[in-house]
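In my numbering, the protein residues as written are 252 to 477. Glycine included, C-beta positions come from ideal geometry on N, C-alpha and C.
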Amino acid sequence: MGNEERAKPKFIVLLGAPGAGKGTQAAYLEERLGIPHISSGDLFRENLRNETELGRLARAYMDRGELVPDEVTIAMVKERLAQPDCAGGAILDGFPRTIAQAQALEAILAEKGQRVGIVPYIKVSDEVLLARLAGRWTCRQCEAIYHELFSPPKVAGRCDVCGGELYQRADDTPETQRRRIEVYFQQTTPLIEYYRRQGLLVEIDGEQSVEQVRADLLAAIQQADC
Ligand code: AP5
Ligand code: MG
Ligand code: ZN
């Protein structure tokens, strides 16, 4: 097979409010496209679990529903993107979340001659976001995502994938959920226009079933041929 036939690296940025379904869809896309799912939130939670210095720093912000400062967030994602499994691309979930992060991502990829290929924006109304966050359960071991009504596990409290214990995230209290959504509107929605201007944004109706959202995402990614 010639070089030109080899798959191009795919860097996909999933945009969407807290509870829009970024993590849910990224898990499917990772399996389907064979490129890693990189969630900045999961990376911070891993640091929390391992009680690293970064984890301690991030906790204060996460518990309040605020953004962790750009500098540390960018450094963490940069290190992750430098891993060999990202050579063929990655699905970025929850990063970038500010214009400064988006510019940093461009610079990180440009150093390797790469670029963002598509930015699917998973659009969901506020009422639906809150209902989704309120019923979410996450696996402590593998971060698989469930919902007590919309996608319940086969056995209550246990992960279908790995048998791990399901828990509710510390930042899923009603007060912190509302704050996260506010912070999203203040600091992250400017990215919608930012990527629209670059011709990379594709809007996806996130209020459909998980399966339909997945189908629309795959179609958009295939069409973009990024
Ligand atoms: P992060 O972990 O990224 O949280 P978030 O952005 O608030 O998003 P969520 O993970 O809550 O939602 P999601 O879109 O992944 O939805 P999910 O698939 O779970 O960030 C946490 C914190 O870390 C931040 O607040 C910040 O402090 C810090 N942080 C992270 N990144 C940062 C950055 N770049 N810069 C600075 N700070 C950063 O779905 C939600 C629920 O809905 C689930 O129960 C699921 O089962 C259900 N569901 C999903 N899709 C559907 C559907 N189609 N129909 C019905 N139910 C559905
Ligand atoms: Mg998530
Ligand atoms: Zn699990």
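Sequence-distant Cβ neighbours of residue 267 in its own chain, meaning closer than 6 Å and more than five residues away, are 273, 373. By the neighbour-count definition (other C-beta atoms within 10 Å, threshold 16), residue 390 is a buried residue. In this structure, the CA atom of residue 358 is about 26 Å from the CA atom of residue 304. Counting along the chain, the unbroken alpha helix (DSSP H) around residue 432 starts and ends at 425-434. Positions of the beta strand (DSSP E) runs, each at least 3 residues long and wholly inside the segment 336-404, are given as 340-344, 370-374, 387-390, 396-398 in order along the chain. Cα atoms of residue 366 and residue 438: separation of roughly 22 Å, rounded to the nearest angstrom. A heavy atom of ligand 3 is found nearer than 6 Å to the CB of residue 412. Here the distance from the Cβ of residue 415 to the nearest heavy atom of ligand 3 is below 6 Å.
Around the Cβ of residue 296, a 10 Å sphere holds 16 or more other Cβ atoms; the residue is buried.
Residue side-chain check: residue 395 places its Cβ nearer than 6 Å to a non-hydrogen atom of ligand 3. The alpha-carbon separation between residue 469 and residue 462 amounts to approximately 11 Å.
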